[in-house]
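> Letter by letter, the sequence shown follows residues 124 to 407 in our numbering. For glycine and all other residues, C-beta sits at the position ideal for the given N, C-alpha and C. Remember, predicted model here, so these are calculated numbers, not experimental data. Attaching a single structure in structure tokens format; questions to follow.
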Amino acid sequence: MNKSKLIATSALATVMSASAAYAELSLSGAYVGNVSSGDGSTGVSQALSTSSVYVTYSSTLDNGMGMSAGFSITGAAMSFSVAVDTGMGSISTGDSFSGAVDSSDSMKAGAKAITSAVSLGSYNDGDANHGSGVMYTSPSMNGWSVKASIGESNSNANRVQAFAVNGAVMGVAVSAGQVSQATAAEGDDNFITLGYSVAGVDLGYGKYDSDGAGESTVIGANYSVAGLNLGYTFEDHSPASGADTDQTRYNVGKDLGGIGLTLQYSEGSASDSSNWNLLYSVGF
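Here it is in structure tokens:
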């Protein structure tokens, strides 16, 4: 090692040791792939859905507020996010940003290996247009919290705005929210999800509305047995015009420690289509 590199390394070590009592730094990564086959495809196809490295940093500011920051590298793209806990709620921003609805609208239970919400219809959680958004998350009040976000990647006249609430009533987890899309033509999408656990079975219900373009009703269930996670989802989509469509999904997953495997089978009424997907994930 040459002298300049040695000096730089020593300086970095000094800074890190000096700040160790006030901050935490962690490194993680994820690699997720998908092997699929089914109707409408020839043979077997393989795709990579995630290949990322994440660096997270947390610290306490001089005024006592908590701060956390995250940086990710996915392929040639780099993104960041930062959040500050003010004591009266947290404020977060960044270009790797999930809005109020996107971070709240996942089904409470079901076969969620491919999608965590809906597969049919045109429901839009607004995340794609949030860009470098800003979100406020309230403190928990009797188990309830509120999120509000605005997307700053669009012009001042066409910002995406989202609002969501999360809580529980008599053991039933409840989430609901609405997205005001960037343009009037896109409408306001909204959702509500419910979740309940009984006898080791997680149950979920969701209603996703695309503001005049149709709505989807989803039910799901999860159960763990012999180290396997079993999931089931049924989705019924009613468009504004035309025939209803539905899709049923089943999955079985196993965490092997260093790698996770999930096999999912889906069958839909549209063109009587069925598909198999094997998802594998490696994380550290």
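#1: Comparing alpha-carbon positions, which option in Asp367, Tyr331, Ala296 lies nearest Asn313?
#2: Using 10 angstroms around the beta-carbon of Leu402, count the other beta-carbons present and answer buried if the total reaches 16, otherwise exposed.
#3: Can you round the beta-carbon distance between Gln301 and Val283 to whole angstroms, since I take them to be within the 8 Å contact cut?
#4: Measure the CB-CB distance between Val257 and Thr209 and report whether it falls below 8 Å.
#5: Along the chain, where does the beta strand (DSSP E) containing Gly210 start, and where does it finish?
#6: Taking Pro362 and Gly337 to be in contact with their CB atoms under 8 Å, please state how far apart those CB atoms are, rounded to whole angstroms.
#7: Give me the Cα-Cα distance between Ala299 and Lys377, rounded to the nearest whole angstrom.
#8: Mapping DSSP to helix, strand and coil, what is Asp325?
#9: Helix, strand or coil for Ala240, going by three-state DSSP, please let me know.
#10: Could you check where the beta strand (DSSP E) with Trp399 kicks off and where it finishes?
#11: Where Ser151 and Gly380 are concerned, what is the direct C-alpha to C-alpha distance, given to the nearest angstrom?
#12: I believe Asn374 touches Ala271 by the beta-carbon criterion, under 8 Å. Please report the beta-carbon distance rounded to the nearest angstrom.
#13: If you scan the segment 279–306 from start to end, which runs of the beta strand (DSSP E) of 3 or more residues do you find wholly inside it?
#14: If you count every other CB in all the chains shown that lies within 10 Å of the CB of Asn247, and 16 or more means buried, which is it?
#15: In whole angstroms, what is the alpha-carbon distance linking Asp162 and Ala236?
#16: Mark Ser221 as exposed unless 16 or more other C-beta atoms lie within 10 angstroms of its C-beta, in which case mark it buried.
#17: Beta-carbon within less than 6 Å of Val269's beta-carbon, same chain only, minus the 5 sequence neighbours each way: which residues are those?
#18: Distance check for Thr368 and Ser389, CA to CA, integer angstroms please.
#19: DSSP three-state call for Asp369: helix, strand or coil?
#20: What's the C-alpha gap between Ser242 and Gly391?
#21: Would you say Ala223 and Met230 are within 8 Å of each other, going by their C-beta atoms?
#22: What do you reckon, are the CB atoms on Tyr154 and Val405 nearer than 8 Å?
#23: Quick check: what's the CA-CA separation for Ser347 versus Thr340?
Quick answer:
#1: Tyr331
#2: buried
#3: Not confirmed; about 11 Å, so no contact.
#4: no
#5: Counting along the chain, Gly210 falls outside any beta strand (DSSP E), and DSSP gives it neither H nor E.
#6: 4 Å
#7: 31 Å
#8: strand
#9: coil
#10: 396–406
#11: 15 Å
#12: Incorrect: roughly 33 Å between the Cβ atoms, too far for contact.
#13: 284–292, 295–303
#14: buried
#15: 19 Å
#16: buried
#17: Ser261, Val288
#18: 13 Å
#19: strand
#20: 10 Å
#21: no
#22: yes
#23: 24 Å
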